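Novice:
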Amino acid sequence: MTQASSDRILSGAIVPTFFYFVIPSIAALLALTTANLVDGLFIGNFVGADALAAINFLIPYLALVFGLALMLAIGGSVRAGKALGEKNPQAASAIFSKCVMTVGVFALVMASVNLLFSRWIFTALGAPESLHPLMRDYFHIIACFLPAQLLSVVLYYFIRADGKPVMATVALTSGALGNMLLDALFIGYFQWGIAGAAWATGMSQLVQLGILFRYFWLPARRLQFRFRQTQWVDVAHAAFNGISEFVNEISGGLVILVVNWLLVTRIGVEGVSAFTVINYCLFASLMIFYGIADAMQLLVAQNFGARQVQRMRQFMLTSTVAILVFGVLLISVLLGWRAHWVGWFVSAQDTAVITLAADFILVVWPIFLVNGLNVLLSSYLTAIHQPAASAAIALLRSLILPVSVLMVLFWWLPAYPLLMALPLAEWLTFVVALALFLRFKPAVLFASEQPR
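All the letters of the sequence shown, read from the start, carry residue numbers 183 to 634 under our numbering.
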């Protein structure tokens, strides 16, 4: 990290420093969100509701693969950030090198698995046979670009940890813009269908990775890549520190898997298509919340390493206010314009899907009052090296409580909407997350020392 960036994190004014890091973080993830939303717009309007359902069936498996890479990326970058805060760039460079190599090998292995065992994967995901051709057209192309996608993830987080959020943001934004333009070209103009969406996503990942690779030629970078490494157990430590992010990803995928199964049983493929529209909304909101939480995590991790208790507290307060404000704005927009939101993603001919999706919004909107706070509190615990507590929050909000409540509603309370389980799970998780934060709040961490 450059000296100017390090000084800003450890001694700069709180609000300007917060926005210096949070705006690029949100911009990058917002660009990613926009690209996914545009994917949904083109697929829903040019290919059809069944194609939306086909992609939604793939999400649980893709979440597993992405979550493993994210676990190393975030866990490793937090460890690197702490080392940089302690003025130890050699240790930060070592964990950076090991995480990049590990993710690279993992990506190659998983790309091969995806191509060889796709039919088995589709069956395990519970997808109807009628959707397999659509899933295969998308999945086989995406598999070929998997190494570029996963390496982009790990480089993005480490480059931000080195105090270069603008460069990381430019990469994600360029990839997202490329994805949107290629969607219009491949799906809208060439009429390549769902395969066009896959080609657009894959080629945009190459653009993104190319920009991130420029980091290795920056003379002022503090993270140096070296092939020869020892103490590979550090990779396991990084993975453990980022386990809550993995739990978030894989558990979210498992919940989507369960929801898909239950909706197919109760409503049919139309229910899965309608849920896909709601899932785009949930994804968009979480990207904003993750953008805020990721910036907070970077700021808190380095101030934790420097033992700056007061600054940790101030960054947490600023992040909380930002998340609450955005949550209220999002709810207002969704409830006020829900018919317009649904209409963007579904062709007017799919009237059953449009009606279902609009009804689903009325059920899930309370989730946006607390899901951002749960993400923030989980990220805070990761930043202060409390992975077990962070993983507990992630596991509760994204797997244990949603699946439990879904089963109760499906088997014993069939009169209630299934998707009511999602906001109920987030609110119950918030109670636990708040208790854990009070247990590990900044003032408690260094209670035996003189605050700085």
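Just so you know, even glycine gets a beta-carbon here, dropped at the ideal spot from N, CA and C.
Model, not experiment: these values are computed from the prediction.
Among the candidates F278, N218 and F398, whose CA atom is the shortest distance from the CA of S467?
Specialist: With distances taken between Cα atoms, S467 lies closest to N218.
Novice: Under the rule that 16 or more other beta-carbon atoms within 10 Å means buried, what is Q390, buried or exposed?
Specialist: It counts as buried.
Novice: For the candidate residues L555, P596, M253 and A483, whose alpha-carbon lies nearest to that of H567?
Specialist: That would be A483, whose Cα lies nearest to the Cα of H567.
Novice: Whether or not the region 554-567 and the region 464-478 are in contact is what I'm after, with contact meaning three or more pairs of Cβ atoms, one per stretch, closer than 8 Å; do they touch?
Specialist: The region 464-478 is in contact with the region 554-567.
Novice: Are the beta-carbon atoms belonging to F592 and I460 less than 7 Å from one another?
Specialist: Not a contact, by the Cβ cut-off of 7 Å.
Novice: Does the region 579-591 come into contact with the region 601-620, if we say contact requires no fewer than three beta-carbon pairs (one atom in each stretch) closer than 8 Å?
Specialist: Yes, the region 579-591 is in contact with the region 601-620.
Novice: Under a three-way DSSP split, which group does M183 fall into?
Specialist: Reliability of the predicted coordinates at M183 is poor, the pLDDT of 49 falling under 50, and no value is obtained from them.
Novice: In three-state terms, what does DSSP make of K264?
Specialist: Here K264 sits in helix by DSSP.
Novice: Measure the Cβ-Cβ separation of E431 and F239 and say whether it is below 7 Å.
Specialist: Contact flag unset, no.
Novice: Out of curiosity, what's the CA-to-CA distance linking F372 and V229?
Specialist: Straight-line Cα distance between these residues: approximately 12 Å.
Novice: Could you check how far apart the C-beta atoms of A534 and E452 are, in whole angstroms? I think they sit under 8 Å.
Specialist: Yes, A534 and E452 are in contact; Cβ-Cβ is about 5 Å, under 8 Å.
Novice: With distances taken from CA atoms, which of Q411, R261 and A377 is nearest S279?
Specialist: Selected option, being the one with the closest Cα: Q411.
Novice: Using the Cβ count rule (16 or more neighbours within 10 Å means buried), how would you classify G518?
Specialist: Classification for G518: exposed.
Novice: Apart from the five residues just before and just after A293, which ones in its own chain have a Cβ nearer than 8 Å to its Cβ?
Specialist: Closer than 8 Å at Cβ, skipping near neighbours: A325, C326, L328 and P329.
Novice: Across the region 421-431 and the region 250-261, are there enough close Cβ pairs to call them in contact, namely three or more that are closer than 8 Å?
Specialist: The region 421-431 vs the region 250-261: in contact.
Novice: For my contact list, F224 and I369 are in at a C-beta cut-off of 8 Å; report their separation, rounded to the angstrom.
Specialist: Right, their Cβ atoms sit about 4 Å apart.
Novice: Looking at A456 and I277, is the spacing between their C-beta atoms short of 7 Å?
Specialist: No; because the gap between Cβ atoms is not below 7 Å, this pair is not in contact.
Novice: Who are the near neighbours of V585 in its chain, counting only those whose CB is closer than 6 Å to its CB and skipping five residues on each side?
Specialist: Only V440 meet the Cβ criterion.
Novice: If you draw a straight line from the C-alpha of S572 to the C-alpha of K623, how long is it?
Specialist: Going by the C-alpha atoms only, they are around 13 Å apart.
Novice: Pick out the complete alpha helix (DSSP H) segments inside the region 467-535, 4 residues or longer, and give them in chain order.
Specialist: Correct list: 491-518 and 520-527.
Novice: Beta-carbon separation of A350 and R342 under 7 Å?
Specialist: Closer than 7 Å, so yes.
Novice: Leaving out five residues on either side along the sequence, give the residues of the same chain with a beta carbon under 8 Å from the beta carbon of I196.
Specialist: Here the set comprises R493, Q496, F497 and T500.
Novice: From L394, C463, A231 and T383, pick the residue whose C-alpha is nearest to that of L313; which is it?
Specialist: The shortest Cα separation from L313 among L394, C463, A231 and T383 belongs to A231.
Novice: Out of curiosity, what's the CA-to-CA distance linking M183 and A402?
Specialist: Confidence is the limiting factor: at M183 the pLDDT is only 49, short of 50, which leaves the residue's position unreliable, though a coordinate-based value still follows. Whole-angstrom Cα-Cα distance: 8 Å.
Novice: Quick check on K280: does DSSP put it in helix, strand or coil?
Specialist: In this structure, K280 counts as helix in the three-state DSSP scheme.
Novice: Can you round the beta-carbon distance between N442 and G308 to whole angstroms, since I take them to be within the 8 Å contact cut?
Specialist: That pair is a contact at about 6 Å.
Novice: Scan the region 324-400 and note each continuous alpha helix (DSSP H) run of 4 residues or more that stays entirely inside, going in chain order.
Specialist: DSSP runs (the alpha helix (DSSP H)) wholly in the region 324-400: 328-343, 347-365 and 376-394.
Novice: Keeping to the same chain, check which residues put their C-beta closer than 6 Å to that of S275; ignore five residues upstream and five downstream.
Specialist: For S275, where only same-chain residues beyond five positions count, the Cβ hits under 6 Å are L405 and Q406.
Novice: Count the other CB atoms, across all protein chains shown, that sit within 10 Å of the CB of Q531; report buried if there are 16 or more and exposed otherwise.
Specialist: Label assigned to Q531: exposed.
Novice: With H, G and I counted as helix, E and B as strand and the rest as coil, what does DSSP make of Y243?
Specialist: Note: Y243 maps to helix in three-state DSSP.
Novice: Taking 7 Å as the threshold (C-beta atoms), are N361 and A380 in contact?
Specialist: The answer is no: Cβ separation not under 7 Å.
Novice: For the alpha helix (DSSP H) that P569 lies in, which residues bound it at each end?
Specialist: Where P569 is concerned, the enclosing alpha helix (DSSP H) stretches over P569 to L577.
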